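See below for the structure under consideration.
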Amino acid sequence: MKLTMYEIENPEKFLDIVNQCKGSVELVSEQGDRLNLKSELTKYIAISKLFSDNTFINQMELIASDPDDINFLLKYMMEGK
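Following this line, the structure appears as structure tokens:
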């Protein structure tokens, strides 16, 4: 299931939420590549990119394998930025 998230102000908290998901959560790149956000290597690359740009994430497209994870991520997006 696809989900677009907006204005991720705290990437570390967001990645902590992703770790709590039951299934896989993938970030879809602008080129269409899927990056597993539960992978430590992917997290390292994402965090280092964010800190080097000194910005927050405006928008990202995610694919979650478990429908419950979509609800969990939506709840975070609505309440926990």
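Okay, so the sequence shown: first residue is 538 according to my numbering, each after it adds one. Even for Gly, the Cβ is constructed at its ideal location relative to N, Cα and C. Quick caveat, the model's predicted, so the values are computed rather than measured.
Bounds of the alpha helix (DSSP H) holding E616 are 604-616. With fewer than 16 other Cβ atoms inside 10 Å of its own Cβ, I582 counts as exposed. Excluding its 5 nearest sequence neighbours in each direction, K559 has C-beta neighbours in its own chain below 7 Å: D603, D605, D606, listed in chain order. For Q557, the secondary structure class from DSSP, reduced to helix, strand or coil, is helix. Residue pairing by DSSP places I600 opposite K539, E563 in a beta bridge.
DSSP places L572 inside the beta strand (DSSP E), whose first and last residues are 571-573. Here L540 really is in contact with A601; their C-beta atoms are around 6 Å apart, less than 8 Å.
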